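J.: Residue numbers (our numbering): 4 to 650.
Backbone N, C-alpha and C fix where the C-beta goes; we use that ideal spot for every residue, glycine too.
Note that the coordinates shown come from a computational prediction; the quantities given were computed from them, not determined experimentally.
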């Protein structure tokens, strides 16, 4: 850990390595664990010793003391500035400074963050940025935060969305996790893929692992074709998201609103917003709810339950329409990521490429979602210096107006320092969830321009390709129909059930029979009864959650010991519940709670753990057992139950 000298066996040409990385467009950091001071074997020991008044001939180590101003000056000038001159861009302060120092009550990690951050600000050609472990409250001033050595487990992944979004409550928005898990685990490729999908929809995407032959987390080393394809798509999505993410970073700078926020930030009046820690606001336009549980062995799909606020919502990738102020059970394959856009959303993306640097792109793919007016201010600057503080930045207004049977979009001339963006760009408009047979018109500075269009029937998306726009020009596009509404919200229930059946580990004959009779079953779900005996409980659950828009979900990724969410979107009075919990004390039932009735639109249960002290040493015993079942029209039953014990 501790050390300021290159290992020449591993890095024979450090200068060449840093130059190579910079040529690839990669900023470079070194990891610091400075608590053990500077020892005689270090390259800079002699100079450090002299600066601290020690004769280098004694071989006496130079102690780490971040509270000593003389040490701090030498620490930067002797140990760090030479590496920064070599090209090191920032530092990873990886703890190991201890919890105490000579000043009572001062965490040395907080102080070293403070000093490094402000030291980097001495050079206006770069923005002060450091990377550090959690340094307690107040540390949000010195981004980026490292959440520690995470485990490569589902439990660890499941906690990340809740933890990252909730940290916004103390303005700590820039979190970097060990994507994939730092240690432990069994090398599960599905788990790694879900980690990466969460990482792509988080503030900092940083894959990491500990040393070891079987801890290799390099995505390109995965030998499973399905996994490799899912990872490639996901990582290219991250690159495409840069224009949106950078604009959200500017918003965070100006308004102290992090990229990831709990749902109750935008919907404080909605009780449901406080009971969905598995999802979060991802910027101003999107809601993300990445899969954090493994695929069920019988459905062969992952499951996530999502609450969408009032209004219309659209799956960003499939185009499926979801009613708001509802709970929805979402099922997906390894490639699927639950990401939802609100009506009126404007999401600017760059092109999906293998690697193209992080500069302001020559192409923009602007995704528009129907149903509401909206404005998005795209922010761009040089991405490196502090010149933005002097006005060297560029903002472009993207706006859409919704008139029911007509959508008008405009992309205004860029304002500010337009030298920072391409002189001309190619604009691709992805107009989601619109009808076929529409009329399209486009002008640049009032002059009509030809537009190539294509329509994807599966996703109901119209794409306007290859519109050339200069930075100082204004683009206007109109899409309209003679029908009552331009918006297309094709019912997807039938398609969803067929997709579920295709994935199920279920006899093909049974699946074919259900598919043949699906229209009858959709009209009368009782017709599904003869086939239920052949199905696993998870398969029954998936079908009935889809058919009835009702269910129960055990939310494990929260500060509550147990959170149960029940929903019944259609208020179907034939869907009932029974709930029981029992508190056990050394095998005896101490208390029992029972409740039953019609499942309401939304309700929760939070069984409380009971704790008893026992014996002269005060050991604590707590046990809670609970059981909840949903009965669908006396046709099928779905059960969630749990026995929890903590000694």
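#1: Say whether the segment 316 to 334 touches the segment 215 to 232, bearing in mind that this needs 3 or more beta-carbon pairs closer than 8 Å, one atom from each stretch.
#2: Using C-beta distances below 8 Å, list every residue in its chain close to residue 44, excluding the 5 sequence neighbours before and after it, in chain order.
#3: Could you please give me the residues that DSSP links to residue 423 through a beta bridge?
#4: Using CA coordinates, which residue listed in 197, 39, 398, 547 is at the minimum distance from residue 496?
#5: Following the continuous beta strand (DSSP E) through residue 55, name the residue where it begins and the one where it ends.
#6: Counting only the same chain and skipping the five closest in sequence on each side, list residues whose C-beta sits under 7 Å from that of residue 119.
#7: Using a threshold of 8 Å, state whether the C-beta atoms of residue 159 and residue 148 are closer than that.
#8: Using 8 Å as the threshold, is the C-beta distance between residue 64 and residue 36 below it?
#9: Indicate whether residue 443 and residue 467 have their beta-carbon atoms separated by less than 8 Å.
#10: With DSSP as the reference, label residue 452 as helix, strand or coil.
#11: Using C-beta distances below 7 Å, list every residue in its chain close to residue 75, excluding the 5 sequence neighbours before and after it, in chain order.
#12: Between residue 434 and residue 337, is the Cβ-Cβ spacing less than 8 Å?
#13: Select from 347, 391, 348 the residue whose C-alpha is nearest the C-alpha of residue 130.
#14: Check this for me: beta carbons of residue 341 and residue 265, under 8 Å apart or not?
#15: Which residues mark the beginning and the end of the alpha helix (DSSP H) in which residue 25 is found?
#16: With a 10 Å radius around its C-beta and 16 neighbouring C-beta atoms as the bar for buried, classify residue 104 as buried or exposed.
#17: At which residues does the beta strand (DSSP E) containing residue 272 begin and terminate?
#18: Take residue 377 as the anchor and find which of 288, 501, 228, 512 has the nearest alpha-carbon.
#19: Hey, would you say residue 578 sits closer than 8 Å to residue 553, going by beta carbons?
#20: Verify whether the separation of the beta carbon atoms of residue 151 and residue 360 is less than 8 Å.
#21: According to the Cβ coordinates, are residue 428 and residue 366 closer than 8 Å?
#22: Would you kindly report the start and end of the unbroken beta strand (DSSP E) that includes residue 350?
#23: For residue 369, which residues does DSSP report across the bridge?
#24: For residue 127 and residue 351, I'd like the C-alpha separation in whole angstroms.
#25: Taking the Cβ atom as the reference point for each residue, do residue 599 and residue 586 lie within a distance shorter than 8 Å?
#26: Quick one: residues in its chain with C-beta nearer than 6 Å to the C-beta of residue 261, no 5 flanking neighbours on either side, listed in chain order?
#27: In the DSSP assignment, find the unbroken alpha helix (DSSP H) run with residue 74 in it and report its ends.
#28: How big is the Cα-Cα spacing for residue 533 and residue 323?
#29: Should residue 249 be labelled buried (16 or more other beta-carbon atoms within 10 Å of its own) or exposed?
#30: Let me know the secondary structure DSSP gives residue 316 once reduced to three states.
#31: Just to confirm the assignment: which complete beta strand (DSSP E) runs, minimum length 3, are found wholly within the segment 433 to 498?
#32: Suppose the cutoff is 7 Å on Cβ atoms and the five residues either side in sequence are ignored; what does the same chain contact list for residue 122 look like?
#33: Would you kindly check if the distance between the Cβ of residue 645 and the Cβ of residue 557 is under 8 Å?
#34: Residue 438: buried (16+ other C-beta within 10 angstroms of its C-beta) or exposed?
#35: Provide the residue span of the alpha helix (DSSP H) that contains residue 608, from first to last.
#36: Put residue 413 into one of helix, strand or coil per three-state DSSP.
T.: To lay it out plainly:
#1: No, because fewer than three Cβ pairs between the segment 316 to 334 and the segment 215 to 232 fall closer than 8 Å, the two stretches do not touch.
#2: Scanning its chain for C-beta atoms nearer than 8 Å, with the 5 sequence neighbours on each side dropped, one finds around residue 44 the residues 8, in chain order.
#3: DSSP lists no beta-bridge partner residue for residue 423.
#4: It is 547 whose Cα lies nearest to the Cα of residue 496.
#5: For residue 55, there is no enclosing beta strand (DSSP E), as DSSP marks it with neither H nor E.
#6: The answer, listed in chain order, is 94, 96, 133.
#7: Against a cut-off of 8 Å, the Cβ pair of residue 148 and residue 159 comes out as no contact.
#8: No, they are not a contact pair.
#9: Inclusion of residue 443 and residue 467 in the CB contact set at 8 Å is warranted, their separation being smaller than that value.
#10: In this structure, DSSP gives residue 452 a state outside helix and strand, which the three-state scheme calls coil.
#11: Hits under 7 Å: 69, 118.
#12: Judged by their CB atoms, residue 434 and residue 337 are not nearer to each other than the 8 Å cut-off.
#13: With distances taken between Cα atoms, residue 130 lies closest to 391.
#14: When the beta-carbon positions are compared, residue 341 and residue 265 stay at least 8 Å from each other.
#15: Residues 17 to 26.
#16: With 16 or more Cβ atoms within 10 Å of its Cβ, residue 104 is classed as buried.
#17: Per DSSP, residue 272 belongs to no beta strand (DSSP E) and is neither H nor E.
#18: Taking the Cα of residue 377 as reference, the smallest distance to any Cα among 288, 501, 228, 512 is reached at 288.
#19: The answer is yes: Cβ separation under 8 Å.
#20: No. Outside cutoff.
#21: Yes, the Cβ-Cβ distance between residue 428 and residue 366 is below 8 Å.
#22: It spans 349 to 352 - the beta strand (DSSP E) in which residue 350 sits, taken as one unbroken run.
#23: Per DSSP, 351, 432.
#24: Rounded to whole angstroms, the gap between the alpha carbons of residue 127 and residue 351 is 29 Å.
#25: Taking a C-beta distance under 8 Å as the contact criterion, residue 599 and residue 586 do not qualify as a contact pair.
#26: The residues are 171, 176, 255.
#27: 72 to 77 is the extent of the alpha helix (DSSP H) around residue 74.
#28: Straight across, the Cα-Cα distance linking residue 533 with residue 323 is about 30 Å.
#29: Buried, by the Cβ-count rule.
#30: Here residue 316 sits in strand by DSSP.
#31: Counting only runs of 3 or more residues that sit fully inside the segment 433 to 498, the beta strand (DSSP E) segments are 442 to 447, 455 to 459, 464 to 473, 478 to 483, in chain order.
#32: If we look at residue 122 and ignore the five residues flanking it on each side, its Cβ neighbours are 79.
#33: With a cutoff of 8 Å on beta-carbon distance, residue 557 and residue 645 are scored as near each other.
#34: Flag for residue 438 reads buried.
#35: Per DSSP, residue 608 lies in no alpha helix (DSSP H) segment; the continuous beta strand (DSSP E) that holds it begins and ends at 605 to 608.
#36: The answer is strand: DSSP assigns residue 413 an E or B state.
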